Every structure is written in C-alpha cells, then in structure tokens.
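Numbering (this note's numbering), first residue to last: 1 to 167. Backbone N, C-alpha and C define an ideal beta-carbon position, used for all residues, glycine too. Computed from a prediction, not measured in an experiment: that's the story for all the values here. Following: one structure in structure tokens, then a few remarks.
Rendered as structure tokens:
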C-alpha cells in the first residue's frame, strides 16, 4: 500500500484522519487565542498612562482587595505602596491612595466602575498586586472577583503570570 502525496485529496482519501486534523486545529486555535489575550492587555500596569478614572479604579481595587480579609494593617499598606511605586512612582498616585484610605469604597461601588473587559482586567491585576495570593482567604477573594468581573480562565491565568511576580 503506497502513501498518498501530501495534499492529494480533500475528501480524506489522502490518508489524513479527520479527527486528528480536528484536534490539531483546536490546539492551534487555542494557542492563537491565548496569544491574542496576552496582546490585548498591557504587559505593564502604568497609572501615569491611564486616565484619572482608570487610575482611581486601580487604587480602589487594591484597597478593597487588601480589606477583603476583614483587616487592613500596616503590612498591607506597605504592599500597596510598593505596588504603587512600581506602577506610578509619582505624587498623584500617592494622593489617590491617601484619598482612598480616607474614604474606602465598598466592593459593589468599585465593581460599578468596571465597564468593559479591559477595566475588569485592570481591577483584577491591581487586586492581585495588593494582596498575598498565597493566603487562602485572598485566593478565594480573587476567585470571587474573577467570577464577578466575568473574566475568562485564560485571561485570569495570563494576569496571574504577569502580576504574580509583583504580588
């Protein structure tokens, strides 16, 4: 029995199993979509490039995440300040943080500021930077936040890879 030449026939007579072709097509599509998610969202969170509303959302999301376990202590404040130094090493970000600490917003109010998937990704990334995702209560909060923001598993994984190093 001789092997058919590549591309000899489109009806399966060329020796290519359609189920294998379907699996390969699924894998290629999945890899392409994963890459597309990484390209759609910024690799670096920079509050200076965001508008004032988005920067406020990021800081509010950090504060809500830090308070999700029921407390807000000096260690969590240091963590947020360290994250802010990474994403906005200037005074306006510090002023936003002080304003947010003076009048913290509840989660429901912060979630109403999220209007699209990019802002949802921003809120999740900021939350991830503000808390220790290794603590069980924080991990549960992040899972809850991803579900409330309706973020895809692929996007959450991408954000976790990018921002876990700073967390």
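1) Between residue 158 and residue 15, what straight-line distance do the alpha-carbon atoms span, to the nearest angstrom?
2) Would residue 128 pass as a contact of residue 164 if the rule is Cβ separation under 8 Å?
3) Taking all protein chains shown into account, do 16 or more other C-beta atoms lie within 10 angstroms of the C-beta of residue 80, making it buried, or fewer, making it exposed?
4) By a C-beta neighbour count over all protein chains shown, 10 Å radius and 16 as the cutoff for buried, is residue 124 buried or exposed?
5) Taking the alpha helix (DSSP H) that residue 107 belongs to, which residues open and close that run?
6) Alpha carbon to alpha carbon, how far is residue 122 from residue 56? Give it in angstroms, no decimals.
7) Given that a residue counts as buried once 16 or more other Cβ atoms are within 10 Å of its Cβ, and exposed if not, what is residue 4?
8) Looking only at C-alpha atoms, which of 98, 137, 29 and 59 sits nearest to residue 71?
9) Excluding the 5 residues preceding and the 5 following residue 106 in the sequence, name in chain order all residues of the same chain whose CB lies nearer than 8 Å to its CB.
10) Let's test the definition: count the other Cβ atoms within 10 Å of the Cβ of residue 24 and tell me whether it reaches 16, buried, or not, exposed.
11) Out of 132, 161 and 120, point me to the one whose CA is closest to residue 147's CA.
Looking at the coordinates:
1) Translated into the one-based positions of the chain shown, residue 158 becomes position 158. Translated into the one-based positions of the chain shown, residue 15 becomes position 15. If I take the Cα positions, the gap works out to 38 Å.
2) Here residue 128 corresponds to residue number 128 of the chain shown, with the count starting at 1. Here residue 164 corresponds to residue number 164 of the chain shown, with the count starting at 1. For residue 128 and residue 164, yes; Cβs fall inside 8 Å.
3) Position 80 of the chain shown, counted from the first residue, corresponds to residue 80. So residue 80 ends up on the buried side.
4) Looking up residue 124 in the chain shown gives position 124. It counts as buried.
5) Numbered from 1 along the chain shown, position 107 holds the residue referred to as residue 107. Residues 107 to 112.
6) As a position in the chain shown, residue 56 is number 56, starting the count at 1. As a position in the chain shown, residue 122 is number 122, starting the count at 1. Cα to Cα, residue 56 sits roughly 11 Å from residue 122.
7) Locating residue 4 in the chain shown gives position 4, counting from the first residue. Bear in mind that a pLDDT of 48 at residue 4, under 50, signals an unreliable position, so the number given afterwards is only what the model happens to contain. Flag for residue 4 reads exposed.
8) Numbered from 1 along the chain shown, position 71 holds the residue referred to as residue 71. Comparing Cα-Cα distances from residue 71 to each of 98, 137, 29 and 59, the minimum goes to 137.
9) Counting from one through the chain shown, the residue named residue 106 turns up at place 106. Leaving aside the five residues that flank residue 106 on each side, the residues in its chain whose CB is nearer than 8 Å to its CB run, in chain order, 64.
10) In the chain shown, counting from the first residue as 1, residue 24 sits at position 24. Burial call: exposed.
11) The residue you call residue 147 lines up with position 147 of the chain shown. Ranking 132, 161 and 120 by Cα distance to residue 147 puts 120 first.
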